[in-house]
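What follows is a single structure, written as structure tokens, with notes after it.
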Amino acid sequence: MYAGLNTSFIGILEERGIWTEKCATCGACVLSEYGGICPLTRCAKRLLNSPCGGSREDRCEVRTDRQCAWQLIYQRLKRIGQLDRLKKITPPKNWNPSLDGGYRVIVREDHRI
Ligand code: SF4
3 MYAGLNTSFI GILEERGIWT EKCATCGACV LSEYGGICPL TRCAKRLLNS
53 PCGGSREDRC EVRTDRQCAW QLIYQRLKRI GQLDRLKKIT PPKNWNPSLD
103 GGYRVIVRED HRI
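Start counting at 1 in the sequence shown, then tack on 2, and there's your number in my numbering.
Here it is as structure tokens:
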């Protein structure tokens with residue numbers, strides 16, 4: 003087999019020649035909790051409950067060329083009137099459905115013969 007395409011990530015075209023990752027396909031989507039901005043994908047530390055405190059003037063302390071994901075999340079939730087979501091404590095992430103444990107299998111008993 004010869005690969006015709008090489009998937010890098012699930013992202014969008016920001017501008018000509020620049021794509022940014024928006025989804026890490028972790029298998030346990032949290033987008034609805036964060037106004038459609040995934041902290042697992044966008045935050046360099048994958049923080050789920052708040053920013054790390056290292057952000058300066060909306061920049062990520064790990065990647066200063068990027069906006070802090072939590073700045074984006076705050077702005078989005080404020081804009082859509084859902085800042086209350088930030089009061090909720092998110093439990094530790096279940097990484098079982100992610101790719102880190104090896105290849106993934108989906109079983110739908112209702113589709114099996
Ligand atoms: S500055 Fe923001 S994006 Fe960067 S690691 Fe901290 S919380 Fe995450």
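Every residue gets a Cβ at the ideal spot worked out from N, C-alpha and C, and that includes glycine. From a predicted model like this one, the values you see are computed outputs, not experimental measurements.
If you draw a 10 Å sphere on the C-beta of Ala71, you find 16 or more other C-beta atoms in it, and that means buried. For Lys95, the closest C-alpha among the options Tyr4, Arg44 and Cys31 is that of Cys31. Rounded to whole angstroms, the separation of the alpha carbons of Gly56 and Cys45 is 12 Å.
Annotation: Thr43 is outside any beta strand (DSSP E); the continuous alpha helix (DSSP H) that includes it extends over Pro41 to Arg44.
Here Pro41 is buried. Its C-beta has 16 or more other C-beta atoms within 10 Å.
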